[in-house]
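Participant: So for the sequence shown, our numbering puts the first residue at 21; every next one is plus one.
A virtual CB, placed ideally from N, CA and C, is assigned to each residue, including glycine.
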Amino acid sequence: KVHPLSFEQRLSLIRNKVGRRLLEIMLKKQSNLAVAAVSFVIFNSINLILYEDVTTSEELLSIANEVGPQICILKTHMDIIQDWTESVSEKLVHLAKLHHFLIFEDRKFADIGNTVELQLTGGIFHIAQWADIVNAHIIAGPGTIQALSRSAEHCGILLLAQMSSKGNLAVQEYTQKALEFAQQYEDAVFGFISLGCIGDPNFLYFTPGVKLEGGGDSLGQQYTDPKTVIAIQGSDVAIVGRGIIQSSNRREAASTYRKACWDAYLQRLEE
Ligand code: BMP
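1. For proline 162 versus phenylalanine 124, is the C-beta spacing smaller than 8 angstroms?
2. Counting along the chain, where does the beta strand (DSSP E) carrying glutamine 129 start and finish?
3. Can you pull the DSSP bridge partners for isoleucine 153?
4. Using only the heavy atoms of the ligand BMP, determine whether one of them is closer than 7 angstroms to the beta carbon of aspartate 126.
5. Are the stretch 266-277 and the stretch 84-103 touching by the rule of at least three beta carbon pairs closer than 8 angstroms?
6. Consider the C-beta atom of serine 267 and the heavy atoms of the ligand BMP; say whether any pair is separated by less than 7 angstroms.
7. Check whether the Cβ atoms of valine 319 and histidine 97 lie closer than 8 angstroms to each other.
8. Please name the residue in Gly142, Val136, Ala148 and Ser107 whose C-alpha comes closest to that of isoleucine 159.
9. Judging by CA-CA distance, which residue of His146, Ile165 and Gln149 is the nearest neighbour of phenylalanine 129?
10. What residue does the alpha helix (DSSP H) around glycine 263 start on, and which one ends it?
11. Roughly how many angstroms separate the alpha carbons of phenylalanine 121 and serine 238, rounded to a whole number?
Right, dumping it as structure tokens:
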């Protein structure tokens, strides 16, 4: 299913303007790396937290600044930040402009349209005001997508078509359904969270669960290396969390991953 088209050629196929803006950033920075600002928690033997990371806004912003020059996207989980205020989003947007990356809030909307609309625009997070990209599960039907595209016209949408975790239910018919939904809402939806290309070059494919060493974690995450994900499975953007976040030198790790991911893309073009 992997198609032979370059990012330059895909530019004219992507209908959503955020998707095209992303491609332009990717080409300019030669980066198809997204960093996930994820938290990791280490418990001791009696289940007390020994160590936590990326749960303060200070840490989130410092990660954005460290990895910013290497990435096309910073993927956030705003609801794991313990001291979120509107000024955090303002500072994030500032860093995104400075380093030329897009902000992807990984909220995974999954409810009926009416609720999703409130979650996107309201609460204390006001996601629609600062996120360039948001994502949605398709479990509740197209109303979720309609709500997102109606109340955040400037946001691009990604649908979850496949997942990286063990035992997940996003397979076969479900994955096909995600593709159909995206094709129906092509002005708003420009890509998928998936394990690789699922067949249509008019969309971009974003793959989480990427780590150079492979392996997994104790809660079902399954890692694949960048080369397999991009050169063989045909994904476009690798999403890397702990592979970079847990490194003692995040700048260097981000640079290593950027090169590995871009080389894998170039390799795919040659084949
Ligand atoms: P890590 O590389 O540390 O495992 O982080 C993966 C990131 O991608 C996390 O933010 C997680 O929420 C997200 N993710 C995933 O791992 N698998 C999926 O199928 C979908 C995701 O959004």
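Facilitator: With the structure as the only source:
1. no
2. According to the sequence shown, residue 129 is phenylalanine rather than glutamine. 122-129 is the extent of the beta strand (DSSP E) around phenylalanine 129.
3. Phe124 and Gly176
4. yes
5. yes
6. no
7. Not covered by the structure: residue 319. The range shown for the chain is 21 to 291.
8. Val136
9. Ile165
10. 262-265
11. 31 angstroms
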